[in-house]
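> I have a structure I would like to understand better, so I am pasting it below and will then ask my questions one at a time.
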Amino acid sequence: MLCETMATCVAEYFEKLEKNLRETKYKNQIESLEKRLETIEKTTKKVKPKKVSKSSNKQNHDEDNITELEVLEEEKQNQIILSGLEQQLLDGILDEGTLANRHECDRELVDSLLERTSSENPRLVGYMQRGVTYHHAGLNNKGRVAVEALFRNRYVQVVFSTATLALGIHMPTKTVAFVKDSIYLDALQYRQSSGRAGRRGFDVQGHVVFVDIPLPKISHLLISAIPNIRAHFPTSVTFLMRLLHLCSNAKDSKGAINRSLTALQCSLLAQSSIKHQLIDIQIHFHCLFTLDFLYRLNLINQHGDLIGLAGLLTHLHYFEPANILLVYLMDTQYFHLVKDEIDIMTIFAYLFTYMPWRVHEKGFDNK
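So this is what it looks like as C-alpha coordinates:
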(Lines of atoms letter the chains of each structure in order from A and count residues from 1; the text may use other names and numbers.)
(Lines give C-alpha, C1' and ligand atoms only; values in the text may rest on other atoms or scores of the structure.)
Protein backbone atom coordinates (compact mmCIF):
# COMPACT_ATOMS: atom_id res chain seq x y z
CA MET A 1 0.00 0.00 0.00
CA LEU A 2 1.27 3.45 -0.94
CA CYS A 3 0.82 5.03 2.49
CA GLU A 4 2.86 2.27 4.16
CA THR A 5 5.56 2.52 1.49
CA MET A 6 5.91 6.27 1.99
CA ALA A 7 6.07 5.92 5.77
CA THR A 8 8.76 3.25 5.36
CA CYS A 9 10.83 5.51 3.11
CA VAL A 10 10.74 8.39 5.61
CA ALA A 11 11.59 6.12 8.55
CA GLU A 12 14.50 4.53 6.66
CA TYR A 13 15.81 7.98 5.77
CA PHE A 14 15.98 8.96 9.44
CA GLU A 15 17.59 5.63 10.35
CA LYS A 16 20.36 6.21 7.80
CA LEU A 17 20.79 9.80 8.99
CA GLU A 18 21.06 8.64 12.60
CA LYS A 19 23.60 5.96 11.72
CA ASN A 20 25.70 8.53 9.88
CA LEU A 21 25.61 10.92 12.86
CA ARG A 22 26.74 8.16 15.25
CA GLU A 23 29.72 7.43 13.00
CA THR A 24 30.75 11.08 12.53
CA LYS A 25 29.38 13.81 14.79
CA TYR A 26 28.82 11.78 17.97
CA LYS A 27 31.57 9.19 17.49
CA ASN A 28 33.91 10.56 20.18
CA GLN A 29 31.12 10.97 22.74
CA ILE A 30 29.89 7.42 22.19
CA GLU A 31 33.41 6.00 22.57
CA SER A 32 33.98 7.91 25.83
CA LEU A 33 30.67 6.64 27.22
CA GLU A 34 31.54 3.05 26.33
CA LYS A 35 34.96 3.38 28.03
CA ARG A 36 33.29 4.81 31.11
CA LEU A 37 30.92 1.85 31.35
CA GLU A 38 33.78 -0.62 30.84
CA THR A 39 35.77 1.01 33.67
CA ILE A 40 32.83 0.74 36.07
CA GLU A 41 32.33 -2.90 35.10
CA LYS A 42 35.99 -3.79 35.70
CA THR A 43 36.04 -2.02 39.07
CA THR A 44 33.04 -3.98 40.25
CA LYS A 45 34.51 -7.37 39.25
CA LYS A 46 37.76 -6.80 41.19
CA VAL A 47 35.98 -6.42 44.55
CA LYS A 48 35.37 -9.69 46.45
CA PRO A 49 32.09 -10.13 48.31
CA LYS A 50 32.27 -9.62 52.05
CA LYS A 51 29.36 -9.86 54.44
CA VAL A 52 28.41 -6.77 56.39
CA SER A 53 25.91 -7.05 59.26
CA LYS A 54 22.94 -4.75 59.40
CA SER A 55 21.10 -3.54 62.54
CA SER A 56 18.35 -5.87 63.66
CA ASN A 57 14.69 -4.99 63.84
CA LYS A 58 13.51 -4.48 67.43
CA GLN A 59 10.04 -5.92 66.74
CA ASN A 60 10.96 -9.10 64.92
CA HIS A 61 14.53 -9.51 66.30
CA ASP A 62 15.59 -10.81 62.89
CA GLU A 63 19.07 -10.15 61.54
CA ASP A 64 19.39 -9.18 57.90
CA ASN A 65 22.72 -9.82 56.23
CA ILE A 66 23.68 -8.08 53.05
CA THR A 67 26.86 -8.49 51.10
CA GLU A 68 29.32 -5.85 50.18
CA LEU A 69 28.81 -6.92 46.58
CA GLU A 70 25.22 -5.79 46.76
CA VAL A 71 26.30 -2.43 48.13
CA LEU A 72 28.79 -2.07 45.32
CA GLU A 73 26.14 -3.11 42.83
CA GLU A 74 23.97 -0.25 44.03
CA GLU A 75 26.89 2.13 43.73
CA LYS A 76 27.54 0.79 40.25
CA GLN A 77 23.97 1.42 39.20
CA ASN A 78 24.20 4.95 40.56
CA GLN A 79 27.34 5.54 38.53
CA ILE A 80 25.82 4.04 35.38
CA ILE A 81 22.77 6.31 35.47
CA LEU A 82 23.02 8.27 32.24
CA SER A 83 21.41 11.48 31.19
CA GLY A 84 18.76 11.51 28.49
CA LEU A 85 21.22 12.61 25.81
CA GLU A 86 23.77 9.96 26.82
CA GLN A 87 21.11 7.23 26.73
CA GLN A 88 20.08 8.37 23.24
CA LEU A 89 23.68 8.28 22.06
CA LEU A 90 24.14 4.67 23.17
CA ASP A 91 20.94 2.89 22.20
CA GLY A 92 18.16 5.44 21.81
CA ILE A 93 16.79 7.61 19.02
CA LEU A 94 18.60 10.88 18.44
CA ASP A 95 16.71 14.14 18.20
CA GLU A 96 18.02 14.56 14.66
CA GLY A 97 16.66 11.12 13.73
CA THR A 98 13.00 11.68 14.54
CA LEU A 99 10.16 14.09 13.91
CA ALA A 100 8.36 13.09 17.11
CA ASN A 101 7.56 15.88 19.54
CA ARG A 102 9.07 14.18 22.59
CA HIS A 103 9.33 17.28 24.79
CA GLU A 104 5.78 18.69 24.69
CA CYS A 105 3.72 15.49 24.70
CA ASP A 106 2.01 13.49 27.44
CA ARG A 107 4.83 11.01 28.04
CA GLU A 108 2.73 8.64 30.14
CA LEU A 109 0.08 8.39 27.41
CA VAL A 110 2.71 7.90 24.70
CA ASP A 111 4.49 5.09 26.57
CA SER A 112 1.24 3.25 27.35
CA LEU A 113 0.01 3.40 23.74
CA LEU A 114 3.36 2.32 22.30
CA GLU A 115 3.62 -0.58 24.74
CA ARG A 116 0.06 -1.67 24.01
CA THR A 117 0.64 -1.64 20.25
CA SER A 118 4.15 -3.14 20.19
CA SER A 119 3.03 -6.77 20.46
CA GLU A 120 0.89 -6.73 17.30
CA ASN A 121 2.45 -3.87 15.31
CA PRO A 122 6.18 -3.60 16.13
CA ARG A 123 6.93 -2.00 12.76
CA LEU A 124 4.23 0.63 13.30
CA VAL A 125 5.63 1.43 16.76
CA GLY A 126 9.08 1.91 15.25
CA TYR A 127 7.64 4.37 12.75
CA MET A 128 5.73 6.29 15.43
CA GLN A 129 8.91 6.66 17.48
CA ARG A 130 10.31 8.40 14.41
CA GLY A 131 7.28 10.73 14.36
CA VAL A 132 5.92 9.12 11.17
CA THR A 133 3.07 6.66 10.75
CA TYR A 134 0.37 5.42 8.39
CA HIS A 135 -3.40 4.95 8.62
CA HIS A 136 -5.76 2.89 6.48
CA ALA A 137 -8.79 0.64 6.81
CA GLY A 138 -6.67 -2.52 7.03
CA LEU A 139 -4.96 -1.38 10.22
CA ASN A 140 -6.16 -3.24 13.31
CA ASN A 141 -8.00 -1.54 16.16
CA LYS A 142 -5.01 -1.10 18.48
CA GLY A 143 -2.95 0.41 15.69
CA ARG A 144 -5.68 2.86 14.65
CA VAL A 145 -6.30 3.99 18.23
CA ALA A 146 -2.58 4.55 18.81
CA VAL A 147 -2.10 6.48 15.55
CA GLU A 148 -5.11 8.74 16.12
CA ALA A 149 -4.35 9.41 19.79
CA LEU A 150 -0.64 10.12 19.29
CA PHE A 151 -1.34 12.41 16.35
CA ARG A 152 -3.89 14.39 18.35
CA ASN A 153 -1.39 14.51 21.23
CA ARG A 154 1.09 16.10 18.77
CA TYR A 155 3.65 13.34 19.31
CA VAL A 156 3.38 12.00 15.75
CA GLN A 157 3.90 14.77 13.21
CA VAL A 158 3.33 13.07 9.83
CA VAL A 159 0.58 10.61 8.87
CA PHE A 160 0.37 8.95 5.46
CA SER A 161 -3.23 7.91 5.02
CA THR A 162 -5.91 6.80 2.62
CA ALA A 163 -9.34 8.44 2.65
CA THR A 164 -10.07 6.98 6.10
CA LEU A 165 -8.96 10.13 7.94
CA ALA A 166 -11.43 12.26 5.97
CA LEU A 167 -14.50 10.39 7.20
CA GLY A 168 -15.46 11.57 10.65
CA ILE A 169 -12.13 11.05 12.46
CA HIS A 170 -11.06 14.07 14.52
CA MET A 171 -7.44 14.52 13.42
CA PRO A 172 -6.80 18.15 12.41
CA THR A 173 -3.39 18.97 10.98
CA LYS A 174 -1.43 21.97 9.78
CA THR A 175 -0.98 20.77 6.19
CA VAL A 176 -2.90 18.31 4.02
CA ALA A 177 -1.14 16.89 0.95
CA PHE A 178 -2.86 15.00 -1.88
CA VAL A 179 -0.33 12.61 -3.44
CA LYS A 180 -1.08 11.15 -6.89
CA ASP A 181 -4.30 11.39 -8.84
CA SER A 182 -7.10 8.89 -8.33
CA ILE A 183 -10.54 8.28 -9.77
CA TYR A 184 -11.88 8.35 -6.20
CA LEU A 185 -10.63 11.90 -5.61
CA ASP A 186 -13.72 14.01 -6.30
CA ALA A 187 -15.01 17.35 -5.01
CA LEU A 188 -16.63 15.81 -1.94
CA GLN A 189 -13.51 13.83 -1.02
CA TYR A 190 -11.38 16.93 -1.52
CA ARG A 191 -13.58 19.07 0.75
CA GLN A 192 -13.65 16.39 3.43
CA SER A 193 -9.86 15.97 3.42
CA SER A 194 -8.84 19.61 2.98
CA GLY A 195 -11.14 20.55 5.85
CA ARG A 196 -8.64 18.89 8.21
CA ALA A 197 -6.03 21.56 7.41
CA GLY A 198 -5.67 24.13 10.18
CA ARG A 199 -5.77 23.33 13.90
CA ARG A 200 -8.02 25.53 15.99
CA GLY A 201 -5.98 27.33 18.61
CA PHE A 202 -2.64 26.42 17.02
CA ASP A 203 -2.65 27.58 13.37
CA VAL A 204 -3.79 30.87 11.86
CA GLN A 205 -4.46 29.08 8.57
CA GLY A 206 -4.14 25.64 7.06
CA HIS A 207 -2.29 24.60 3.92
CA VAL A 208 -3.28 22.23 1.11
CA VAL A 209 -0.60 20.77 -1.17
CA PHE A 210 -1.09 18.85 -4.43
CA VAL A 211 1.61 16.41 -5.54
CA ASP A 212 1.62 14.78 -9.00
CA ILE A 213 -1.95 15.89 -9.80
CA PRO A 214 -2.72 17.65 -13.12
CA LEU A 215 -3.69 21.32 -12.98
CA PRO A 216 -7.07 20.77 -14.72
CA LYS A 217 -7.98 18.23 -12.04
CA ILE A 218 -6.96 20.68 -9.30
CA SER A 219 -9.12 23.42 -10.84
CA HIS A 220 -12.03 21.00 -11.09
CA LEU A 221 -11.71 20.07 -7.42
CA LEU A 222 -11.61 23.71 -6.32
CA ILE A 223 -14.63 24.98 -8.25
CA SER A 224 -16.91 21.93 -8.38
CA ALA A 225 -20.10 21.98 -6.37
CA ILE A 226 -20.52 19.46 -3.58
CA PRO A 227 -23.28 16.92 -4.24
CA ASN A 228 -26.12 16.69 -1.76
CA ILE A 229 -25.63 13.91 0.77
CA ARG A 230 -28.67 11.73 1.26
CA ALA A 231 -29.03 8.72 3.49
CA HIS A 232 -29.93 5.54 1.64
CA PHE A 233 -29.95 2.01 3.01
CA PRO A 234 -30.58 -1.10 0.95
CA THR A 235 -33.53 -2.94 2.46
CA SER A 236 -31.74 -6.27 2.41
CA VAL A 237 -32.50 -9.32 4.52
CA THR A 238 -29.49 -8.78 6.77
CA PHE A 239 -30.29 -5.09 7.24
CA LEU A 240 -33.82 -5.91 8.41
CA MET A 241 -32.41 -8.53 10.78
CA ARG A 242 -30.12 -5.92 12.32
CA LEU A 243 -33.09 -3.59 12.78
CA LEU A 244 -34.96 -6.39 14.56
CA HIS A 245 -31.94 -6.95 16.79
CA LEU A 246 -31.83 -3.24 17.60
CA CYS A 247 -35.52 -3.13 18.53
CA SER A 248 -35.45 -6.28 20.66
CA ASN A 249 -32.30 -5.46 22.67
CA ALA A 250 -32.55 -1.69 23.06
CA LYS A 251 -33.35 -0.27 26.49
CA ASP A 252 -35.45 2.47 24.89
CA SER A 253 -37.69 0.35 22.67
CA LYS A 254 -39.75 3.27 21.38
CA GLY A 255 -36.64 5.19 20.35
CA ALA A 256 -35.22 2.12 18.62
CA ILE A 257 -38.47 1.58 16.71
CA ASN A 258 -38.52 5.22 15.60
CA ARG A 259 -34.91 5.00 14.38
CA SER A 260 -35.68 1.79 12.50
CA LEU A 261 -38.70 3.34 10.78
CA THR A 262 -36.62 6.38 9.84
CA ALA A 263 -33.98 4.12 8.28
CA LEU A 264 -36.65 2.35 6.22
CA GLN A 265 -38.03 5.69 5.04
CA CYS A 266 -34.53 6.63 3.79
CA SER A 267 -34.09 3.44 1.82
CA LEU A 268 -32.31 3.16 -1.50
CA LEU A 269 -35.66 2.99 -3.29
CA ALA A 270 -36.52 6.47 -2.00
CA GLN A 271 -33.88 7.92 -4.37
CA SER A 272 -35.60 6.51 -7.47
CA SER A 273 -38.15 8.23 -9.69
CA ILE A 274 -41.05 6.04 -8.51
CA LYS A 275 -43.88 7.81 -6.74
CA HIS A 276 -43.60 7.90 -2.97
CA GLN A 277 -46.81 5.92 -2.38
CA LEU A 278 -45.62 3.03 -4.53
CA ILE A 279 -42.30 3.01 -2.68
CA ASP A 280 -44.06 2.67 0.67
CA ILE A 281 -46.13 -0.23 -0.65
CA GLN A 282 -43.05 -1.99 -2.00
CA ILE A 283 -41.15 -1.56 1.28
CA HIS A 284 -44.10 -2.88 3.31
CA PHE A 285 -44.43 -6.00 1.14
CA HIS A 286 -40.68 -6.53 1.11
CA CYS A 287 -40.57 -6.40 4.93
CA LEU A 288 -43.48 -8.84 5.22
CA PHE A 289 -41.93 -11.36 2.86
CA THR A 290 -38.54 -10.97 4.60
CA LEU A 291 -40.06 -11.64 8.02
CA ASP A 292 -41.78 -14.75 6.68
CA PHE A 293 -38.53 -15.87 5.06
CA LEU A 294 -36.56 -15.42 8.30
CA TYR A 295 -39.20 -17.25 10.30
CA ARG A 296 -39.07 -20.23 7.92
CA LEU A 297 -35.27 -20.33 8.27
CA ASN A 298 -35.60 -20.48 12.09
CA LEU A 299 -33.79 -17.16 12.50
CA ILE A 300 -36.56 -15.27 14.33
CA ASN A 301 -39.39 -16.34 16.62
CA GLN A 302 -43.01 -15.21 16.70
CA HIS A 303 -42.07 -12.06 18.64
CA GLY A 304 -39.40 -10.97 16.15
CA ASP A 305 -36.45 -11.89 18.39
CA LEU A 306 -33.33 -13.33 16.76
CA ILE A 307 -32.73 -17.01 17.46
CA GLY A 308 -30.51 -19.84 16.24
CA LEU A 309 -27.84 -18.88 13.75
CA ALA A 310 -29.07 -15.31 13.34
CA GLY A 311 -25.96 -13.91 15.01
CA LEU A 312 -23.69 -15.62 12.48
CA LEU A 313 -25.78 -14.30 9.61
CA THR A 314 -25.65 -10.69 10.82
CA HIS A 315 -21.89 -10.84 11.41
CA LEU A 316 -21.38 -11.95 7.79
CA HIS A 317 -23.63 -9.22 6.38
CA TYR A 318 -21.02 -8.10 3.82
CA PHE A 319 -21.20 -11.55 2.16
CA GLU A 320 -24.93 -11.43 1.48
CA PRO A 321 -26.54 -13.51 -0.03
CA ALA A 322 -23.80 -16.11 0.65
CA ASN A 323 -24.33 -15.74 4.40
CA ILE A 324 -28.02 -16.68 4.02
CA LEU A 325 -27.15 -19.78 2.01
CA LEU A 326 -24.51 -20.81 4.57
CA VAL A 327 -27.01 -20.54 7.42
CA TYR A 328 -29.54 -22.56 5.40
CA LEU A 329 -26.99 -25.34 4.78
CA MET A 330 -26.07 -25.42 8.46
CA ASP A 331 -29.70 -25.41 9.60
CA THR A 332 -30.58 -28.32 7.30
CA GLN A 333 -27.47 -30.20 8.55
CA TYR A 334 -26.18 -30.55 5.01
CA PHE A 335 -22.54 -30.59 6.16
CA HIS A 336 -23.24 -33.77 8.14
CA LEU A 337 -23.91 -35.51 4.83
CA VAL A 338 -20.73 -34.23 3.20
CA LYS A 339 -17.87 -36.24 4.68
CA ASP A 340 -15.05 -35.19 2.36
CA GLU A 341 -13.21 -32.12 3.67
CA ILE A 342 -12.26 -31.07 0.14
CA ASP A 343 -15.94 -30.93 -0.83
CA ILE A 344 -16.68 -28.75 2.21
CA MET A 345 -13.85 -26.40 1.29
CA THR A 346 -15.15 -26.27 -2.28
CA ILE A 347 -18.57 -25.21 -1.00
CA PHE A 348 -17.02 -22.45 1.11
CA ALA A 349 -14.92 -21.35 -1.84
CA TYR A 350 -18.01 -21.00 -4.03
CA LEU A 351 -19.78 -19.07 -1.26
CA PHE A 352 -17.13 -16.61 -0.13
CA THR A 353 -14.46 -16.27 -2.82
CA TYR A 354 -14.81 -14.41 -6.08
CA MET A 355 -11.31 -14.83 -7.54
CA PRO A 356 -11.21 -17.10 -10.60
CA TRP A 357 -8.72 -19.96 -10.63
CA ARG A 358 -7.26 -19.85 -14.14
CA VAL A 359 -4.65 -22.61 -13.82
CA HIS A 360 -5.60 -25.74 -15.77
CA GLU A 361 -5.18 -29.15 -14.19
CA LYS A 362 -2.47 -30.17 -16.67
CA GLY A 363 -0.47 -27.01 -16.11
CA PHE A 364 -0.84 -27.37 -12.35
CA ASP A 365 0.38 -30.99 -12.44
CA ASN A 366 3.40 -30.05 -14.55
CA LYS A 367 4.42 -27.36 -12.05
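Residue numbers 13 to 379, in our numbering, belong to the letters of the sequence shown in order. From the three backbone atoms N, C-alpha and C, an ideal C-beta is built for every residue, glycine too.
Tell me the rounded alpha-carbon separation between lysine 263 and asparagine 270.
Position 251 of the sequence shown, counting from 1, holds the residue named residue 263. Position 258 of the sequence shown, counting from 1, holds the residue named residue 270. For lysine 263 and asparagine 270, the distance between alpha carbons rounds to 13 Å.
> Taking arginine 142 and phenylalanine 26 to be in contact with their CB atoms under 8 Å, please state how far apart those CB atoms are, rounded to whole angstroms.
On the sequence shown, position 130 is the one that residue 142 refers to. On the sequence shown, position 14 is the one that residue 26 refers to. Confirmed, about 5 Å.
> Which class does tyrosine 330 belong to by DSSP, given the choice of helix, strand or coil?
The residue given as residue 330 occupies position 318 in the sequence shown. Helix.
> Does DSSP put isoleucine 336 in a helix, a strand or coil?
As a first step, residue 336 is located in the sequence shown; it is residue number 324 there, counting from the start. Helix at isoleucine 336.
> Does the Cβ-Cβ distance between leucine 258 and valine 170 come in under 8 Å?
Sequence index remark: in the sequence shown, residue 258 carries index 246 (1-based). Sequence index remark: in the sequence shown, residue 170 carries index 158 (1-based). Against a cut-off of 8 Å, the Cβ pair of valine 170 and leucine 258 comes out as no contact.
> Comparing C-alpha positions only, which one of Asn261, Thr250 and Cys299 sits nearest to leucine 273?
Residue 273 sits at position 261 when you count from the first residue of the sequence shown. Among Asn261, Thr250 and Cys299, the Cα nearest to that of leucine 273 belongs to Cys299.
> Relative to the C-alpha of threonine 185, which residue among Lys37, His329, Tyr167 and Ser260 is closest?
Translated into the one-based positions of the sequence shown, residue 185 becomes position 173. Selected option, being the one with the closest Cα: Tyr167.
> Taking alanine 189 as part of the beta strand (DSSP E), name the residues at either end of that continuous run.
Here residue 189 refers to the residue found at position 177 of the sequence shown. 187–191 is the extent of the beta strand (DSSP E) around alanine 189.
> What are the uninterrupted segments assigned as alpha helix (DSSP H) that are 4 or more residues long and contained completely in the region 247–281, given in chain order?
249–261 and 265–277
> Distance check for glutamine 345 and asparagine 335, CA to CA, integer angstroms please.
Taking the first residue of the sequence shown as 1, we reach residue 335 at position 323. Taking the first residue of the sequence shown as 1, we reach residue 345 at position 333. Roughly 15 Å between the two C-alpha positions.
> So for lysine 70, helix, strand or coil by DSSP?
Residue mapping note: residue 70 aligns to position 58 of the sequence shown, counting from 1. Any reading at lysine 70 needs caution, since the residue's pLDDT is 46, under 50, leaving its predicted position unreliable; the model's value is listed next. Of the three classes helix, strand and coil, the one that applies to lysine 70 here is coil, per DSSP.
> Rounded to whole angstroms, what is the Cα-Cα separation between proline 226 and methionine 342?
Reading the sequence shown from its first residue, position 214 is the one you call residue 226. Reading the sequence shown from its first residue, position 330 is the one you call residue 342. One C-alpha to the other measures close to 54 Å.
> Under 8 Å by Cβ, that's how I've got arginine 164 and methionine 183 pegged, so tell me the actual separation to the nearest angstrom.
As a working mapping, residue 164 is identified with position 152 in the sequence shown. As a working mapping, residue 183 is identified with position 171 in the sequence shown. With a Cβ gap of about 6 Å, arginine 164 and methionine 183 count as contacting.
> Confirm, please, whether the CB-CB distance from glutamate 127 to asparagine 152 is below 8 Å.
Residue mapping note: residue 152 aligns to position 140 of the sequence shown, counting from 1. Residue mapping note: residue 127 aligns to position 115 of the sequence shown, counting from 1. Going by C-beta atoms, asparagine 152 is not nearer than 8 Å to glutamate 127.
> When the Cα of glycine 150 is compared with those of Asp224, Leu101, Met13 and Leu256, which residue comes out closest?
Along the sequence shown, one-based indexing puts residue 150 at 138. When each option's Cα is compared against that of glycine 150, the closest is Met13.
> Let me make sure I understand the geometry here. Which of Phe190, Leu337 and Leu179 has the alpha-carbon closest to that of leucine 324?
As a first step, residue 324 is located in the sequence shown; it is residue number 312 there, counting from the start. Among Phe190, Leu337 and Leu179, the Cα nearest to that of leucine 324 is on Leu337.
> Going by DSSP, which residues form a beta bridge with threonine 145?
Position 133 of the sequence shown, counted from the first residue, corresponds to residue 145. According to DSSP, which records beta bridges pairwise, threonine 145 is partnered with Val171.
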